[in-house]
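Student: Each residue of the sequence shown is one higher than the last, beginning at 1 in UniProt numbering.
Ideal placement from N, C-alpha and C gives every residue a C-beta, glycine not left out.
Just so we're clear, the structure is a prediction, and the values are computed from it rather than from any experiment.
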Amino acid sequence: MATADWNPLGEVYYRKCDFYTMEWAGVVDISKHIVAVSTYGGPIALMKDESKTGRVVTNLKPVIGIYTAAGKVQSQIRWNSGNVVTIGWSSTEELLCIQEDGVVLVYDMFLTFQRTFGMGQEAKDVKILSAKIFPTVQGSGIAVMTTSFRIFLISNVDSPRIVRLAEVPGLNEAPSCWAIVVTDRQVRALVAKGEELFLVDQGGQYQQQQPDLDENSGPITLMAVSFNSKYMALFTQQGFIWIGTADLQKKYCEFNTKSTKLPDQLVWCGNGAVVGLWDKLLLVIGPDKDWIRYNMDTPVHLVQEEDGLRIIGNETHEFLQKVPTMTEDIFKIGSLKPGAILYEASKEFQNGNQKADEYIRMIKEKLDEAVNQCILAAGHEIEPSKQRMLLRAASFGKCFLTDYRPEAFVNMCQMLRVLNQVRHHTVAIPLTYTQLEHLSMPVLIDRLVLRKLFGLAVKICQYLKVPDNEGRSRIMAHWASFKVQQREDEEKLARAISQKLLDVPGVSFSEIAGVALKQGKKQLAIKLLDYEARASEQVPLLLEIGQDQAALTKAIDSGDTDLVYTVLLHLKDKQQNPGDFFMMIRSMPIALSLYIQYCRQQNLKIVEDLYYQEDNSSDEGNCKVTRSYLLDHVEERVKLLEDAMNCFHRCKNDFASKQTDEQIRLLRHQRKLEDETGHTYADLSLQKTLYKLTIDGNHQYVEKLRKEFKVPDRRFWIMKIYALAEVQEWGEMEKLSKTKKAPVGIEMFIDACMKERNVGEARKYLPRVPPELKVKCLIRLRMFREAAEAALENKSEDDFEYVLSRLGLADRQVAEQIRGMRGQFGARK
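(1) Kindly identify the DSSP beta-bridge partner or partners of T21.
(2) Looking only at its chain, what residues have a beta carbon closer than 7 Å to the beta carbon of E726, apart from the 5 residues adjacent to it on each side?
(3) In its own chain, which residues sit with a C-beta less than 7 Å from the C-beta of D791, not counting the 5 before and 5 after it?
(4) On the CB-based measure, 16 or more other CB atoms within 10 Å of its CB, does A4 come out buried or exposed?
(5) Whole angstroms is fine: what's the gap from K132's alpha carbon to A480's?
(6) My guess is that I664 and E635 are in contact by the Cβ rule of under 8 Å, so how many angstroms apart are they, rounded?
(7) Quick check on the DSSP output: the alpha helix (DSSP H) that includes G397 runs from which residue to which?
(8) Using the C-alpha atoms, what's the distance from S510 back to L248?
(9) Have a look at the DSSP bridge pairing and note the partners of N295.
(10) Count the C-beta pairs between the stretch 304-321 and the stretch 335-343 that are closer than 8 Å, then say yes if the count reaches three, no if not.
(11) Could you name each continuous beta strand (DSSP E) segment of 3 residues or more that falls completely within the stretch 63-146, going from the start of the chain to the end?
(12) Looking only at C-alpha atoms, which of L568, Q321 and S796 sits nearest to G270?
(13) DSSP three-state label for R637, please.
(14) Assuming contact is defined by CB atoms lying nearer than 8 Å, are I750 and A788 in contact in what I supplied?
(15) Within the same chain, show all residues whose beta-carbon is closer than 6 Å to that of K829, passing over the 5 residues directly before and after it, in chain order.
(16) If you drop the 5 nearest sequence neighbours on each side, which residues of the same chain put their C-beta closer than 6 Å to that of S628?
(17) Near A494, which residues of its chain fall below 8 Å by C-beta distance, leaving aside the five closest residues on each side in sequence?
(18) Within the same chain, show all residues whose beta-carbon is closer than 7 Å to that of E747, passing over the 5 residues directly before and after it, in chain order.
(19) Quick one: using the 10 Å Cβ neighbour count with 16 as the cut-off for buried, is residue 863 buried or exposed?
(20) Spatial neighbours of V137 within its chain, please: CB distance less than 7 Å, with the 5 preceding and 5 following residues excluded, ordered by chain position.
(21) Thinking just about the alpha-carbon of each residue, which of K289, Q462 and N646 is nearest to the one in V12?
(22) Report the partner residues of F509 according to the DSSP bridge assignment.
(23) Going by DSSP, which residues form a beta bridge with T183?
(24) Would you call the stretch 220-239 and the stretch 202-209 touching, i.e. three or more CB-CB distances under 8 Å?
(25) Determine the direct distance from the alpha carbon of L766 to that of F784, and round the result to whole angstroms.
(26) Is it the case that the Cβ atoms of L673 and Y701 are separated by a distance below 8 Å?
(27) Taking the continuous beta strand (DSSP E) assigned at residue 830, which residues delimit it?
(28) Let me confirm a value: N172 is counted as buried when at least 16 other C-beta atoms fall within 10 Å, else exposed. Which label applies?
(29) Run through DSSP, which three-state label would N411 get?
(30) By Cβ distance, which residues of its chain are closer than 7 Å to I545, with the 5 residues on each side in sequence left out?
(31) Would you kindly report the start and end of the unbroken alpha helix (DSSP H) that includes A356?
(32) How would you call D489, buried or exposed, if buried means at least 16 neighbouring beta carbons within 10 angstroms?
(33) Measure from the alpha carbon of D158 to the alpha carbon of each residue in K193, S217, E94 and A189, then state which is nearest.
(34) Can you tell me whether DSSP reads M588 as helix, strand or coil?
(35) Taking 8 Å as the threshold, find out whether the stretch 410-429 comes into contact with the stretch 456-465 through three or more Cβ pairs.
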């Protein structure tokens, strides 16, 4: 019968089912060990407790062993550090070993050391009395009580930050018991001082709590907080168990065990019942004083879970839980729930009995509900045979539903296949469906990876159609990182990893190579990097390994200039002799070009030295010329230009040599002019120097420079006209305009006058303007009507169109008059 192992606890039932027969049977006696078990089907840690063996051993270090939930040994080490107060597991299945000096050592489940941290100076100085490991929103926390009875805690072992809790007033001896209560993201400690309870927090405050205890119950000697931190159980010296809410404000019951002996353990079974363990006696107590008694064959250790209680013994691993509501609805004797009737209909159908049809008719209106009840009940069964019976019933029922959506049925089938695989004794993760829902499938995959069960993890991801980047690729990357740590031939390792991963998208060979490098396997890292497709990941590690040439080649091939610069600058800083660096990059035109481009912006002297080394006198000279303009001192600039001129002589670049020589002479003239006049001429071109001299009235020196530098007449005249206009030398301008054989037209004088906005002076030159330029000059003077008349007089439609195109600058009345003149072209013809 399905209800044969059910035991009533008030109005509900509890059942105990088997997970495993322990592989350590006959070898391990857990009553002689300190036991720490990770929740959600996690591994078991055992440390021999010499105080329980009856032997007096002072200097022998204990052995810590890690076992699967089926009792199979995974790893063992001889402890070689300080005295351990407590061991326990974090939410990420790391083993936390808390020493009496406050040092916490963290190991993975294969007892590979990960990291360490301390619980503060006081813990180190005065030692630790006891410690608690507890779950938090951030992960896992640790609280310690020192021998001075102060409590220090951290809320997250991954980023430890020590907080000191408030002190219990008048606490001069060790408390009879204490516990950690986590509520609303706040971590507090509940400390028992005789019959008094104090709740202390991180803000330095304490509250005295007064639970509704029997006056004869005596001091509180043991506490247990439920898995969800909402409920509390207290055991008193006189054998009473108080059950209520975690804030101690509501009492459900107070149960008299009639035993003053302190339980070996006091824990919660899920969140609905309290379990006390005395030697081999298990007492389950409900909130209404109902109880169930179990007699165990061997010593056991209890582990509270979200939905039940794991009972780990020397020979078996069992699970005690409240019978789920949907399971009770289906299997309870005399149940008329839709799921129960559908289950019976399915059995009758398999037996070929027509009663199946009658049962289906009974629940026709509630068939959908019945199917869902059977599906959910299947999820809460441990035995595959019961799962199949319930799923068969659900499948039978959904055949009669025309619009049934199969997602829930398919999803449950998938989840049960996964659960049955991970529950198998070779994997030994005894998860329930409720626990898996809370834990989530990605976390379960991660836990398989932690156990090095890569093949199973990949198969589950493929079965559930998990995207490669979240499933297969990520798992195979972990596999490869584990593989490179093995003591095998590096050539074979590289070949094996590449064969497995080349067709796996998204795998970073550089990360795997990084792991190999940390293991001291340099050649393996180099071989693995050959398979890395992303140069941005490949190149930095090549540099770290010392493969400079390969790193530069890969960076150039990638086409990423930033990556090439990264390599070049790294190599430059690494080389003691700049010449060696230049020799390395000279055979790579792209690298050389990019480095030169970089140096042109940062340090031209380096580029200059590079060209000197390459015997490239022309570019060396150009660098010297460019660099000369960065110098403020004229003599230094001249010296650098003279060096540049020598470079141009060597490469027979006569034009550059001549231009440089002229620049040197101009610089010296400018320096002389500055000394004589006090005016600034530095950094001016020859044209601007002449212009400034003209404005300053130094016409003699202007003529001198004109002759020395052979300034073309037209350029000189244009400069002089505009300079005279700027200083309002209208008379000189007029004399200049009357010079015979002038190299510029009279319109240039008009433009110079108009630039200075002197219309009157500009009009003086109008009579001397040639007819073909008269229209444009009149427009320059904004004489639009006269320009139109001149265009008519010249019979030039092009000039008239030009006038029309410029009318936007004219008055509206004038513009209309001019547009009206357009018809005169036909009349004049």
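Tutor: Reading from the atomic positions:
(1) DSSP output for T21 lists T316 as bridge partner(s).
(2) Scanning its chain for C-beta atoms nearer than 7 Å, with the 5 sequence neighbours on each side dropped, one finds around E726 the residues I695 and E756, in chain order.
(3) Note on identity: in this sequence residue 791 is Ala, with Asp being the wrong assignment. So the list reads V775, D799, F800 and V803, once near-sequence residues are dropped.
(4) Per the 10 Å Cβ criterion, exposed.
(5) The alpha-carbon atoms of K132 and A480 are separated by roughly 36 Å.
(6) With 8 Å as the limit, I664 and E635 do not qualify as a contact, their Cβ atoms being about 11 Å apart.
(7) Element bounds for G397: P384 to K398.
(8) Note on geometry: alpha-carbon atoms of L248 and S510 lie some 55 Å from one another.
(9) In the DSSP assignment, the residues bridged to N295 are L281.
(10) Cβ pair count under 8 Å is below three, so no.
(11) Taking only runs of at least 3 residues, the beta strand (DSSP E) segments lying wholly in the stretch 63-146 are 63-67, 73-78, 84-89, 95-99, 103-107, 113-118, 128-135 and 140-146.
(12) Per the Cα distances, Q321.
(13) R637 falls in the helix class under three-state DSSP.
(14) Remark: C-beta atoms of I750 and A788 do not approach each other more closely than 8 Å.
(15) With a pLDDT of 46 at K829, under the threshold of 50, the modelled position of that residue is not reliable, and no figure is offered here.
(16) The beta carbon of S628 sits closer than 6 Å to those of R637, L640 and L641, all from its chain and outside the five residues before and after it, given in chain order.
(17) For A494, where only same-chain residues beyond five positions count, the Cβ hits under 8 Å are L524, K527 and L528.
(18) Listed in chain order, the non-local C-beta contacts of E747 below 7 Å within the same chain comprise V769, L773 and C777, local neighbours out to five positions each way being set aside.
(19) Only positions 1 to 829 of the chain appear in the structure, and residue 863 is not among them; the question remains open.
(20) Excluding positions up to five away in sequence, the list reads R185.
(21) If we check each option's Cα against that of V12, K289 comes out closest.
(22) As computed with DSSP, F509 is found in no beta bridge at all.
(23) Looking at the DSSP output, T183 bridges to Q186.
(24) Too few Cβ pairs lie closer than 8 Å, so no.
(25) For F784 and L766, the distance between alpha carbons rounds to 14 Å.
(26) Against a cut-off of 8 Å, the Cβ pair of Y701 and L673 comes out as a contact.
(27) The structure shown does not extend to residue 830, since the chain is modelled only from 1 through 829, so no value can be given for it.
(28) N172 is classed as exposed because its beta carbon has fewer than 16 other beta carbons within 10 Å across all chains shown.
(29) Correct three-state label for N411: helix.
(30) Cβ contact annotation for I545 (same chain, cutoff 7 Å, sequence separation greater than five): L517, K522, A525 and I526, in chain order.
(31) Per DSSP, A356 belongs to the alpha helix (DSSP H) from K355 to M362.
(32) Flag for D489 reads exposed.
(33) Closest by C-alpha distance to D158, out of K193, S217, E94 and A189, is E94.
(34) M588 sits in coil when the DSSP states are folded into three classes, being neither helix nor strand.
(35) Flag = yes, the stretch 410-429 and the stretch 456-465 touch.
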